[in-house]
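S.K.:
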Amino acid sequence: MNFKKDLIENILPFWLDNAIDNEEGGIFTCLDREGNVYGEEKSGWFQGRALWTFSKAYNLIDKNPKYLDAAKRIYDFLIRTSAPDGRMAFLMTRNGRVIQQRRYFGAEKFAVMGCAEYYKASGDKTALLNARKYFNLVCDLHTGKYPTTPKYNPETRKTYGLSEVMSMLWTAQVMRAIDTEYSERYAGICKACVDSFLTSGLLTDKALLESVSVEGEFRDTPDGRIVNPGHSLEMAWFMMMEGALTDNREAIEIAKKIIDITLPLGLDKKHGGIIAFTDADGKPPMQLEWDMKLWWPQCETLIAMRLAYIMFGDEKYKKIYEELLKYVEKHFVDKEHGEWYGYLHYDNTVANTLKGNVFKGPFHIPRFYMIMTVLDECGDITKYM
Amino acid sequence: MNYRNDLIEKILPFWLEDAIDKKYGGIMTCLDEEGNLYGEEKSVWFQGRALWTFSKAYNLIDKNPKYLEAAKCIYDFLPKCTDTDGRMFFTVTRDGREIQKRRYFFSECFAAIGCAEYYQATGDKGALANARKYFDVFYECCKGVRKNTPKYNPETVKTVGLSPIMMLLSTNQVLREVDTENRARYEKIGCETLESFMKSGLLTERALMESVSTDGKFVDTPTGRIVNPGHSMEMAWFIMLEGIMTGNKEAIYTGKHIIDITLPLGLDKKYGGFISFTDVDGKPPVQLEWDMKLWWPQCEAMIASRLAYILFGDEKYNAVYEELKEYVSKYFVDDKHGEWYGYLHYDNTVSNTLKGNIFKGPFHIPRFYMIMAVLDECGDIKKYM
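Chains as they are written, first to last, in our numbering: chain C, 174 to 558; chain V, 191 to 575.
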């Protein structure tokens, strides 16, 4: 694949041409195979994610004014539709009224990175102030200073989850790179995330688990045994990048361990690709879609493999990278209408022809193409930050 | 299939032997292919559902003391699944401590039918009192007398769903037969529920929708366009049964209409079986598992088709029933280990070997076998009530 060319000519235009809402602002993500909008409800996650993507593409790949225009439309909508304290909806009407407000704060985390990257692209100081505002809110939600209703009874199920520490790490990584005035604060948070992860017990000899008890113990229940291989490999490249940026050898070595235990769990030896979920002990997985092939785990695995090859020089990583790249070109890339399919059956036939929904939009795929472009050009992941 | 024999020899024993918790009471439903327990957390839906199943099998099929013992073991566990406000939890630990309490109120309606049927089996007046108590809580939730935190913002989402209406109709049918002292009350509720369904707008010329706006209009969004064909077929036989029990011809014809519009949406012409979800306009369905074959829609489609054949004599219904019966024997029934698989891929290969989880346990399948046993014996569904 020619990553830079495909990003500029195929991936980003698919969203620029079809998804930006020129009337109300913001971005739609429910696009069908050809790019037609099949649902006007707006994803809270994707306002921040798409803002990040277009701003980052502008900063890193091509100073195309269209990217900045799209970013501005999304930025204005995101700010306009946030509550006064910064909390964001999970799902909104086209004009930004709340449909669903969830306890999780993914939308706010994506808003941090979106606003920060947009500040870098536009020089708009208020965007930086907004990035800080969302970041402080995320910290308060993370520590519980801003309380949310727990989903499970904390007396019977109190867990430490991979998602929380992982998303806190990359949110702080982005801020550290952009909000230089306070970079020491963010560096401290990154360090705390890495340390907390290393002592969490999430990484066992069998797998990187999605959750453990707060004491760091394996929970031998269906949900405690869940492994999400794409998520594990995403964490692996976050750790490699953090190691490269902060010269932390331990983080890099841990990433290698994550990769080596995850590959046998995630790779589908028969049909190719990375599966969606598995049970660490081979018991029945909880998720109906466990053996489906989703777009984003393929992206994360490709990034982790290529970085691992650069860092460790082991040919096995290169081989997996090349096989998976071929697999993705064959089964995920839609040569006729652009972008990638999102959901394949276990046997790689297309399960759903949609190109976007509240979970799939311009994020994992363009991020993958951007990182690959940087690695094509200089082989140095720190240049991507 | 010899329904009566299979029920007594293959289906019920699978759960009697492996699922009943002799230590703490109640039933565990996370059983793997062979019947081994892979998770100890208890589904509260399944306490009521299994209590109903074993009590009903005792009342209707076979006065086997083992059924009654199992029922008692589950009945005695119900107080641990019930919160101080009368509402029930969604999941509890093996020893009966709350894990999750949800806004939905299906735990309560299953407890109501379970207690009612257990009263029928034992004559235990306390069980009848509990049936009334759970029914009242459920009914108050249905009517909005008991307020729940809404999932969606009521200012932007004003919809009515099929599920509460359907569950009220079905739960009320059980109570009406069992709680004879209050028969007039349940007759009134049955009439009201049927009327509210007919006026709801859920049933259109194209499909029975899962939700519509409160003023009865089609909601043209991805979730508004959802059709769940197994659910539609279940409603079809609920409403035909209501028509038979109350001498309401209109209800019986409404059931026929539902079947006629649902069959083309639900039947997989290429691979056979009933799919899980579809979009009424053929746009991308929301659910990842939309084209998977789940166990319960097959049960509901067979009950509805067989009943329609009895009522209307049209061979096309018989053909659907016979084809599905063959399909299920071939792909769902596990001849080696007993019971049915729950989740098949689109092409009927087994996607997950589990026999039970918090959604699959002794309910739809034994209910299907019991109804079929009655129809085999006398062709009169009234005898099932």
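Even for Gly, the Cβ is constructed at its ideal location relative to N, Cα and C. Quantities reported herein were computed from a predicted structural model and do not represent experimental measurements.
#1: Just how far apart, CA to CA, sit W205 of chain V and K526 of chain V?
#2: Classify A262 of chain C as buried or exposed, calling it buried when 16 or more other Cβ atoms lie within 10 Å of its own Cβ.
#3: Against chain V, with Cβ distances strictly below 9 Å, would I538 of chain C count as a contact?
#4: Could you tell me if V518 of chain V is buried or exposed, where buried requires 16 or more neighbouring beta carbons within 10 angstroms of its beta carbon?
#5: Is the closest heavy atom of the ligand FMN to the C-beta of L302 of chain C under 8 Å?
#6: Hey, how far is the Cα of G229 of chain V from the Cα of P437 of chain C?
#7: With a threshold of 9 Å between beta-carbons, can K213 of chain V be considered close to chain C, or not?
#8: Report the three-state DSSP secondary structure of E288 of chain V (helix, strand or coil).
#9: Considering only C-alpha positions, which residue in the set V:D252, V:G414, V:L514 and V:V350 is nearest to N538 of chain V?
#10: Does the separation of the CB atoms of I566 of chain C and L381 of chain C fall below 9 Å?
#11: Can you find the residues in the same chain that come closer than 8 Å, C-beta to C-beta, to C220 of chain V, ignoring five residues on each side of it along the sequence?
#12: Quick one: which chain V residues come within Cβ less than 9 Å of Q220 of chain C?
#13: Secondary structure at V338 of chain C, three-state DSSP: helix, strand or coil?
#14: At a Cβ cut of 7 Å, what residues of the segment 516 to 543 of chain V count as close to chain C, listed as they run along the chain?
#15: Count the other CB atoms within 10 Å of the CB of C568 of chain V; is the residue buried (16 or more) or exposed (fewer)?
#16: Does the Cβ of C299 of chain V have 16 or more other Cβ atoms within 10 Å, making it buried, or fewer, making it exposed?
#17: P487 of chain V touches chain C at which residues, Cβ-Cβ below 9 Å?
#18: From the DSSP secondary-structure annotation, give me the bridge partner or partners of W513 of chain C.
#19: With DSSP collapsed to three states, give me the class of R326 of chain C.
#20: What residue range does the alpha helix (DSSP H) around I451 of chain V cover?
#21: Sorted by chain position, which residues of the same chain lie with C-beta nearer than 7 Å to T321 of chain C's C-beta, five sequence neighbours on each side aside?
#22: When you compare only the Cα positions, how much space is there between C551 of chain C and P474 of chain V?
#23: Under 9 Å, Cβ to Cβ, is there at least one residue of chain C near W427 of chain V?
#24: Could you give the uninterrupted runs of the beta strand (DSSP E) lying entirely in the segment 473 to 559 of chain V, keeping only those of 3 residues or more?
#25: For the alpha helix (DSSP H) containing G349 of chain V, name the first residue and the last one.
#26: Are V523 of chain C and L233 of chain C touching if we call contact CB-CB under 9 Å?
#27: In chain order, what residues of the same chain have a beta carbon less than 7 Å from the beta carbon of R292 of chain V, not counting five sequence neighbours either side?
#28: What residues in the segment 510 to 540 of chain C have a beta carbon less than 7 Å from any beta carbon of chain V?
#29: Give the residues from the segment 474 to 499 of chain V that approach chain C closer than 8 Å (Cβ to any Cβ), ordered along the chain.
#30: Which class does D469 of chain V belong to by DSSP, given the choice of helix, strand or coil?
#31: Do S201 of chain C and I193 of chain C have their C-beta atoms within less than 9 Å of each other?
#32: Give the residues from the segment 325 to 344 of chain C that approach chain V closer than 9 Å (Cβ to any Cβ), ordered along the chain.
#33: What's the gap between the Cα of R366 of chain V and the Cα of G316 of chain V?
#34: Just mark N195 of chain C as buried or exposed, buried being the case when its beta carbon has 16 or more other beta carbons within 10 Å.
#35: How should T404 of chain V be labelled, buried or exposed, when 16 other C-beta atoms within 10 angstroms of its C-beta is the threshold for buried?
#36: Between which two residues does the alpha helix (DSSP H) containing G420 of chain V stretch?
M.R.: This is what the structure holds:
#1: If you take the alpha carbons of W205 of chain V and K526 of chain V, they lie about 15 Å apart.
#2: A residue is called buried once 16 or more other Cβ atoms fall within 10 Å of its Cβ, and A262 of chain C is buried on that count.
#3: By this cut-off, I538 of chain C is not an interface position.
#4: So V518 of chain V ends up on the buried side.
#5: Within the structure as shown, the ligand FMN is missing, as the structure has no ligands at all.
#6: Each residue's alpha carbon lies about 24 Å from the other.
#7: Taking Cβ atoms only, chain C never reaches closer than 9 Å to K213 of chain V, which makes this a no.
#8: Residue state, collapsed to three classes: strand.
#9: Answer by Cα proximity: V:L514.
#10: Not covered by the structure: residue 566 of chain C. The range shown for chain C is 174 to 558.
#11: Leaving aside the five residues that flank C220 of chain V on each side, the residues in its chain whose CB is nearer than 8 Å to its CB run, in chain order, L227, Y228, G229, E230, E231, L544, G546, N547 and I548.
#12: The premise fails here: Q220 of chain C is roughly 17 Å from chain V at the closest Cβ pair, so nothing lies under 9 Å.
#13: The answer is helix: DSSP assigns V338 of chain C an H, G or I state.
#14: Going along the segment 516 to 543 of chain V in chain order, one finds Y533, H535, Y536, S541, N542 and T543 with a Cβ nearer than 7 Å to chain C.
#15: Residue environment for C568 of chain V: exposed (fewer than 16 other C-beta atoms within 10 angstroms of its C-beta).
#16: Around the beta carbon of C299 of chain V, 16 or more other beta carbons sit within 10 angstroms, so the residue counts as buried.
#17: Those do not exist, as P487 of chain V stays about 14 Å from chain C at its closest Cβ, beyond 9 Å.
#18: DSSP lists C:V506 as partners of W513 of chain C.
#19: Strictly speaking, residue 326 of chain C in this sequence is Asn, with Arg absent from that position. Three-state DSSP puts N326 of chain C in coil, outside helix and strand.
#20: Note, I451 of chain V: alpha helix (DSSP H), K439 to G456.
#21: R276 and L314, listed in sequence order.
#22: So the alpha carbons of these two residues sit roughly 40 Å apart.
#23: Under the Cβ criterion of 9 Å, W427 of chain V is not counted among the residues facing chain C.
#24: At a cut-off of 3 residues, the continuous stretches assigned as beta strand (DSSP E) that sit fully inside the segment 473 to 559 of chain V are 540 to 542.
#25: It is Thr, not Gly, that sits at residue 349 of chain V in the sequence shown. No alpha helix (DSSP H) contains T349 of chain V, which is instead part of the beta strand (DSSP E) from T349 to G351.
#26: No; because the gap between Cβ atoms is not below 9 Å, this pair is not in contact.
#27: Once the five neighbours on either side are set aside, the close Cβ partners of R292 of chain V are F280.
#28: For the segment 510 to 540 of chain C, the beta-carbon criterion of a distance under 7 Å to any beta-carbon of chain V is satisfied by Y516, H518, Y519, A524, N525, T526 and L527.
#29: Those would be P474, P475, V476, L478, E479, W480, D481 and M482, in chain order.
#30: Strand.
#31: According to the sequence displayed, residue 201 of chain C carries Phe and not Ser. Between F201 of chain C and I193 of chain C, the gap from beta carbon to beta carbon is short of 9 Å.
#32: Of all residues in the segment 325 to 344 of chain C, Y325, N326, E328, T329 and R330 have a Cβ within less than 9 Å of some Cβ in chain V.
#33: Straight-line Cα distance between these residues: approximately 17 Å.
#34: The residue is exposed, with fewer than 16 neighbouring Cβ atoms inside 10 Å.
#35: Around the CB of T404 of chain V, fewer than 16 other CB atoms lie within 10 Å, so the residue is classed as exposed.
#36: For G420 of chain V, the enclosing alpha helix (DSSP H) has its first and last residue at P419 to T436.
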